[in-house]
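S.K.:
2 protein chains.
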Amino acid sequence: MKTRQQAKYEARARIIKALAHPARLLIVDKLIPGPRCVCDIRQWVGSDMSTVSKHLLVLKNAGIVQCEKRGVQVFYSLRCPCVVSFFECAESVMKTTAKDQRRLLK
Amino acid sequence: MKTRQQAKYEARARIIKALAHPARLLIVDKLIPGPRCVCDIRQWVGSDMSTVSKHLLVLKNAGIVQCEKRGVQVFYSLRCPCVVSFFECAESVMKTTAKDQRRLLK
DNA sequence: TTAATACATGGCAATATTGCCAAATAACAA
DNA sequence: TTGTTATTTGGCAATATTGCCATGTATTAA
Numbered sequence: 133m134k135t136r137q138q139a140k141y142e143a144r145a146r147i148i149k150a151l152a153h154p155a156r157l158l159i160v161d162k163l164i165p166g167p168r169c170v171c172d173i174r175q176w177v178g179s180d181m182s183t184v185s186k187h188l189l190v191l192k193n194a195g196i197v198q199c200e201k202r203g204v205q206v207f208y209s210l211r212c213p214c215v216v217s218f219f220e221c222a223e224s225v226m227k228t229t230a231k232d233q234r235r236l237l238k
Numbered sequence: 133m134k135t136r137q138q139a140k141y142e143a144r145a146r147i148i149k150a151l152a153h154p155a156r157l158l159i160v161d162k163l164i165p166g167p168r169c170v171c172d173i174r175q176w177v178g179s180d181m182s183t184v185s186k187h188l189l190v191l192k193n194a195g196i197v198q199c200e201k202r203g204v205q206v207f208y209s210l211r212c213p214c215v216v217s218f219f220e221c222a223e224s225v226m227k228t229t230a231k232d233q234r235r236l237l238k
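The listed protein sequences correspond, in order, to chains L and E. Okay, so the first sequence: first residue is 133 according to the working numbering, each after it adds one. Okay, so the second sequence: first residue is 133 according to the working numbering, each after it adds one.
(1) Is the CB of Arg144 (chain E) under 8 Å away from at least one CB in chain L?
(2) Should the region 160-173 of chain L be called in touch with the region 200-219 of chain E, which here means at least 3 C-beta pairs below 8 Å?
(3) Taking C-beta pairs closer than 8 Å, name the residues in chain L that Pro154 (chain E) reaches, listed in chain order.
(4) Do the region 207-224 of chain E and the region 187-197 of chain E make contact, defined as three or more Cβ pairs closer than 8 Å?
(5) Just list the residues that DSSP pairs Leu158 (chain E) with in beta bridges.
(6) What beta strand (DSSP E) runs, 3 residues minimum, are completely inside the region 171-226 of chain L?
(7) Show which residues of chain L have a CB atom less than 9 Å away from the CB atom of Glu220 (chain E).
(8) Please report whether the beta-carbon of Met170 (chain L) lies at a distance below 8 Å from any beta-carbon of chain E.
(9) Taking 8 Å as the threshold, find out whether the region 219-231 of chain L comes into contact with the region 175-192 of chain E through three or more Cβ pairs.
(10) Rounded to whole angstroms, what is the Cα-Cα separation between Arg174 (chain L) and Glu220 (chain L)?
(11) Which residues mark the beginning and the end of the alpha helix (DSSP H) in which Ile148 (chain L) is found?
(12) Could you compute how far the alpha carbon of Lys162 (chain E) sits from the alpha carbon of Ala143 (chain L)?
(13) Excluding the 5 residues flanking Ile147 (chain L) on each side, which residues of the same chain have their C-beta closer than 8 Å to its C-beta?
(14) Can you have a look at Pro154 (chain E) and say buried or exposed, based on whether 16 or more other CB atoms are within 10 angstroms of its CB?
(15) Is the shortest distance between the beta-carbon of Ser224 (chain E) and the beta-carbons of chain L less than 8 Å?
(16) Whole-angstrom Cβ separation of Val177 (chain L) and Val215 (chain L), contact assumed at under 8 Å?
(17) Applying the 10 Å Cβ sphere with the 16-neighbour rule, what's the burial state of Leu158 (chain L)?
(18) Any C-beta of chain L sitting closer than 8 Å to the C-beta of Thr183 (chain E)?
(19) State the beta-bridge partners of Arg168 (chain E) as determined by DSSP.
See the structure below:
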């Protein structure tokens, strides 16, 4: 049996795990200005179409992006603008690490 | 050869990946009020001591926590308070998903 | 209808993560 | 010294993730 607490952290982890890949971070970052078709996204990532498609599925299953079919194309867009905060925090962690390393060298 | 862009997203992904586990999210969340020893953290997580220790190493390598030895014990603490924003965004994504699902039922 | 384009999916091998046990280490007490 | 407690590390099997190839599907054009 699972506690309420465990379920809470597992739900959060599912979402964060969906973001825990360089290609998916790139996709999310570049989707901030607005919706884009898979063919554009494929160019950004530079991998096989099937690989990109699976990354997009991971993001969609986590609720981070949504998609809409327009003719032959499928357009993906962000569902929560707050993902930007992930980037900001990651940068903050990296800066702190860099600062501490400089201090160690002195 | 790796582009600047790729390196940027890989660095971010390393940090986010370190958070992408329910046990590590629990640890981070509970460390917000202040430093705690590994024996306390072990109680929270409820796993084997060695498992907890490895989770802490993952967080430390990512620069998310730091540790300090006090006698026999080791105290871990958060290095960047901004990790709270991860939780807030994850909640936001979950709320949006729940809202959309309710709309689909109508 | 056939062909072409844009995506998605199934399968699979390579790789990474996870969590336990057992053993090692460090600090302090007796 | 020996013992005890707190934590880390090595090893390893189970599991999950990743990315390519081949194939399937949907839409539109000819």
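Idealized CB from N, CA, C, for every residue including glycine. If you're wondering where the values come from, they're calculated on a predicted model, not measured in any experiment.
M.R.: So, from the data block:
(1) So yes, Arg144 (chain E) belongs to the interface.
(2) At 8 Å Cβ cutoff, the stretches do not touch.
(3) Within chain L, the residues whose beta carbon sits less than 8 Å from that of Pro154 (chain E) are Gln138, Tyr141, Glu142, Arg144 and Ala145, listed in sequence order.
(4) The region 207-224 of chain E makes contact with the region 187-197 of chain E: 3 or more CB pairs, one atom from each, lie closer than 8 Å.
(5) Its beta-bridge partners do not exist; DSSP assigns none.
(6) Whole beta strand (DSSP E) segments, 3+ residues: 197-202 and 205-210.
(7) Simply Cys214 and Ser217.
(8) Checking the sequence, you will find Val at residue 170 (chain L) rather than Met. Among the CB atoms of chain E, none fall inside 8 Å of the CB of Val170 (chain L).
(9) Segments in contact, no.
(10) Those two C-alpha atoms are separated by around 25 Å.
(11) Looking at the DSSP string, the run of the alpha helix (DSSP H) that includes Ile148 (chain L) is Arg136 to Leu151.
(12) Between the alpha carbons of Lys162 (chain E) and Ala143 (chain L) lies a gap of roughly 17 Å.
(13) Excluding residues within five positions, the ones whose Cβ falls inside 8 Å are Ala194, Gly195 and Ile196.
(14) Under the 10 Å beta carbon count, Pro154 (chain E) is surrounded by 16 or more other beta carbons and is classified as buried.
(15) Taking 8 Å as the threshold, the shortest C-beta distance from Ser224 (chain E) to chain L falls below it.
(16) Going by Cβ atoms, the distance from Val177 (chain L) to Val215 (chain L) rounds to 17 Å, so no, they are not a contact pair.
(17) So Leu158 (chain L) ends up on the buried side.
(18) No, Thr183 (chain E) does not count as interfacial toward chain L.
(19) For Arg168 (chain E), DSSP records a beta bridge to E:Tyr208.
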